[in-house]
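Visitor: Following this message is one structure expressed as C-alpha cells.
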Amino acid sequence: MATSAAESDLRIVILGKNQDEKTKLTNLMTGRKDDAFLKTTSSFDCVCGEWGENPFTLIKTGDVLSQSMENVQRDMKMLGTYCPPGPNVLLLLVNPSDFTEADRHKVRSVISLFGRDAFNYAIVITTQNTEKKSNSVNQLVRECGQRNLRINLDQKLSSDYDLQNLMEQIENLMRENRGRYLTFDVETDPRDAPGSIKPPLNLVFCGRHTARKASAAHAILKDSYGGPFSDSEIVRSQGEVCGRQVSILELPPLYGKAKEAAKKEAYTCVSLCEPEGVHAFMLVLPLECPTKQDLKELETIKETFRSKIDDFTGILFTVETNANISAVLRFLQENRDSQELLQSCRGQYLVFNVNNKQQLSGVLKGVEKIRPVRSDGFTKEMFPKAPVKRLTRHESLLYRGNLRNEKLELYVNSAV
7 MATSAAESDL
17 RIVILGKNQD
27 EKTKLTNLMT
37 GRKDDAFLKT
47 TSSFDCVCGE
57 WGENPFTLIK
67 TGDVLSQSME
77 NVQRDMKMLG
87 TYCPPGPNVL
97 LLLVNPSDFT
107 EADRHKVRSV
117 ISLFGRDAFN
127 YAIVITTQNT
137 EKKSNSVNQL
147 VRECGQRNLR
157 INLDQKLSSD
167 YDLQNLMEQI
177 ENLMRENRGR
187 YLTFDVETDP
197 RDAPGSIKPP
207 LNLVFCGRHT
217 ARKASAAHAI
227 LKDSYGGPFS
237 DSEIVRSQGE
247 VCGRQVSILE
257 LPPLYGKAKE
267 AAKKEAYTCV
277 SLCEPEGVHA
287 FMLVLPLECP
297 TKQDLKELET
307 IKETFRSKID
317 DFTGILFTVE
327 TNANISAVLR
337 FLQENRDSQE
347 LLQSCRGQYL
357 VFNVNNKQQL
367 SGVLKGVEKI
377 RPVRSDGFTK
387 EMFPKAPVKR
397 LTRHESLLYR
407 GNLRNEKLEL
417 YVNSAV
C-alpha cells in the first residue's frame with residue numbers, strides 16, 4: 007500500500023537477477039568505487055548517498071527471482087527495517103538477453119506484495135547496450151507506465167549523463183507520487199490477497215494410473231499439455247491457467263522399483279520444481295475403492311520422500327461425470343481400505359470432473375491449500391539424503407518433457 011512519507015530521505019530499492027550489475031548501479035548512484043556497504047545481510051545490502059544536498063538510502067536486494075515466493079515474502083517484510091518506513095522508488099534492473107517470461111511473472115509477483123499500485127513506483131532499467139528489447143521486457147515496461155532507461159554499466163562507458171537522467175526520472179516519479187512510499191502488509195498472504203498476482207504453482211501427479219494422470223493434466227493445462235507420455239519417465243508440462251503459471255510433473259509409479267532408483271526419480275522430480283519446490287503431491291485415483299497396489303504406491307511414495315511429505319500430500323479423484331459422486335464418497339468413507347488411504351493423507355482429497363471447466367478454479371485453490379498456510383514448498387533440502395549422482399544438464403533437459411510457452415486463457419464462473 008502507499009502512504010504519505012514524513013521523512014525527507016529518498017529510499018530506493020534495486021531488484022534484478024545480476025548481482026554484479028546491481029552493485030555497479032549502486033556504485034554509479036553513490037559514487038563509490040568499492041563494494042563496501044553500510045549494512046549487509048544475505049538478503050539486502052544498504053548504502054547511503056547524496057544527490058545535490060538531498061540524502062538517499064539505496065537497498066540492493068539479493069536474487070529474488072531465484073527464491074521461493076515464501077522466502078521473498080519473508081524478506082520483503084524486513085525491507086522496512088532497512089529503509090523505514092518504506093521505499094519510494096523501485097528500480098527493476100533487467101538485461102533483455104536473459105530476461106524471460108518466467109522472470110517477468112516472478113517480478114510481477116514480487117512487486118504485487120507492495121499492493122496493487124506498486125507498479126506506479128517502478129522504473130525499468132535495461133543494461134544491454136542495444137535498442138532491441140525482448141517481448142517480456144517490453145511488457146514489463148508497459149506495466150511500469152513506459153518508465154524505462156537504458157544504462158551501460160561498464161565503468162569505462164558510464165557517464166554523468168546516465169546518472170543525471172536517472173536521478174531526474176526518480177525525482178519526477180517522487181513528485182508524481184507526492185512523496186508517498188510503499189509498505190508491505192505483514193498480515194497479507196499473497197495466495198489469498200484479492201487482486202494480487204499469484205505465484206507459480208508446482209504440482210506432482212503420483213500413482214500407477216498413468217492415463218488418469220494424463221487426463222487430469224490435460225484438463226488443467228489444455229493446449230499447453232503435449233501428452234500423453236510414457237509411464238517410464240518423468241514428464242513436466244506447464245502453462246498459464248486462471249492467471250498464474252502452473253507446472254505439472256507426472257511421476258512414474260514407484261512401487262516395485264529398487265529403492266535407489268525410486269529415490270533418484272523422486273529427487274529429480276523435486277529438482278525440476280526449484281526454486282519454489284513442490285506445492286502439492288497429488289495421488290491420482292479413480293473414484294472407487296483403492297486397490298492393494300494403490301495403497302502400496304502411497305506407502306512407497308511416503309517411504310521415498312520421508313515424513314515431511316505428509317504436509318504436502320493429497321488425493322485427486324478424477325471422474326468424467328457428476329453422477330452419483332455423493333453416494334460413492336459416502337461408500338468410500340465407510341470402506342476400511344478407503345479410510346486407511348484418506349487418513350494417510352490427513353483427509354485431504356478433491357474430486358475433479360475432468361470434463362467440467364467450471365471446476366478448474368476451485369480445484370487449483372483446493373490443491374494449493376493442501377500444504378500448510380505460509381509454508382514453503384517441498385524442496386531438495388527436505389530429503390534425508392540426496393542421491394550421490396547429480397543430474398547432468400542433458401538428463402535435466404530430457405526429463406523436462408513438454409515446456410511449451412503457449413498462453414492459456416481460461417475463464418471460470420464457479421468453483422468446486
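For any residue, its number in the working numbering is found by taking its place in the sequence shown, counting from 1, and adding 6.
Each residue gets a CB set at the ideal place from its N, CA and C atoms; glycine is no exception.
Tell me the DSSP secondary structure of aspartate 69 in three-state form.
Guide: coil
Visitor: Mind checking who threonine 319 pairs with in its DSSP beta bridge?
Guide: Bridge partners of threonine 319: Phe287.
Visitor: The alpha helix (DSSP H) with glutamate 27 in it runs from where to where?
Guide: 25–36
Visitor: Note the first and the last residue of the continuous beta strand (DSSP E) segment covering isoleucine 465.
Guide: In the structure as shown, the chain starts at 7 and stops at 422, and residue 465 therefore has no counterpart that could be examined.
Visitor: Contact check, valine 360 vs glutamate 326 under 8 angstroms by CB: the rounded distance?
Guide: 6 angstroms
Visitor: How about phenylalanine 50 and aspartate 69: are their beta carbons less than 9 angstroms apart?
Guide: no
Visitor: Tell me, please, which residues DSSP counts as bridged to glutamine 251.
Guide: Paired residue(s): Glu246.
Visitor: Taking just the CA atoms, how far does serine 277 sit from lysine 265?
Guide: 18 angstroms
Visitor: In the DSSP assignment, find the alpha helix (DSSP H) that holds valine 113 and state where it starts and stops.
Guide: Element bounds for valine 113: 107–118.
Visitor: Using three-state DSSP, classify cysteine 212 as helix, strand or coil.
Guide: strand
Visitor: Over what stretch of residues does the alpha helix (DSSP H) that includes arginine 181 continue unbroken?
Guide: For arginine 181, the enclosing alpha helix (DSSP H) covers residues 166–182.
Visitor: At what residues does the alpha helix (DSSP H) containing phenylalanine 389 begin and finish?
Guide: Unbroken run through phenylalanine 389: none, as it is neither H nor E.
Visitor: Could you give the DSSP three-state label for threonine 324: helix, strand or coil?
Guide: Residue state, collapsed to three classes: strand.
Visitor: Apart from the five residues on each side of it in sequence, which residues of its chain come closer than 6 angstroms, Cβ to Cβ, to tryptophan 57?
Guide: Met173
Visitor: Would you call arginine 242 buried or exposed, if buried means 16 or more other Cβ atoms sit within 10 Å of its Cβ?
Guide: buried
Visitor: State the CB to CB distance for the pair glycine 282 and glycine 372, rounded to an integer number of angstroms; the pair is presumed to be in contact (CB under 8 angstroms).
Guide: Note on residue identity: the sequence assigns glutamate, not glycine, to residue 282. Actually they do not touch by this definition, with Cβ atoms about 19 angstroms apart.
Visitor: Rounded C-beta distance between threonine 310 and alanine 268? I'm assuming under 8 angstroms.
Guide: Contact between threonine 310 and alanine 268 holds, with the beta-carbon distance rounding to 5 angstroms and staying under 8 angstroms.
Visitor: Our contact map puts proline 258 next to isoleucine 240 with C-beta atoms below 8 angstroms; I'd like the distance itself, whole angstroms only.
Guide: 7 angstroms
Visitor: Please state if the CB of isoleucine 131 and the CB of lysine 62 are separated by a distance shorter than 9 angstroms.
Guide: For clarity, residue 62 is phenylalanine in the given sequence; the question names lysine instead. No. Outside cutoff.
Visitor: What are the partner residues of phenylalanine 358, as DSSP defines its beta bridges?
Guide: Looking at the DSSP output, phenylalanine 358 shares a beta bridge with Thr324.
Visitor: Could you tell me the distance, in whole angstroms, from the CA atom of glutamate 346 to the CA atom of lysine 298?
Guide: Distance between the alpha carbons of glutamate 346 and lysine 298 is about 11 angstroms.
Visitor: Hey, how far is the Cα of glycine 245 from the Cα of isoleucine 226?
Guide: 9 angstroms
Visitor: Taking the C-alpha atoms as reference points, what is the distance between threonine 324 and alanine 272?
Guide: For threonine 324 and alanine 272, the gap between their C-alpha atoms comes out near 23 angstroms.
Visitor: Roughly how many whole angstroms lie between the Cα atoms of aspartate 26 and serine 238?
Guide: So the alpha carbons of these two residues sit roughly 42 angstroms apart.
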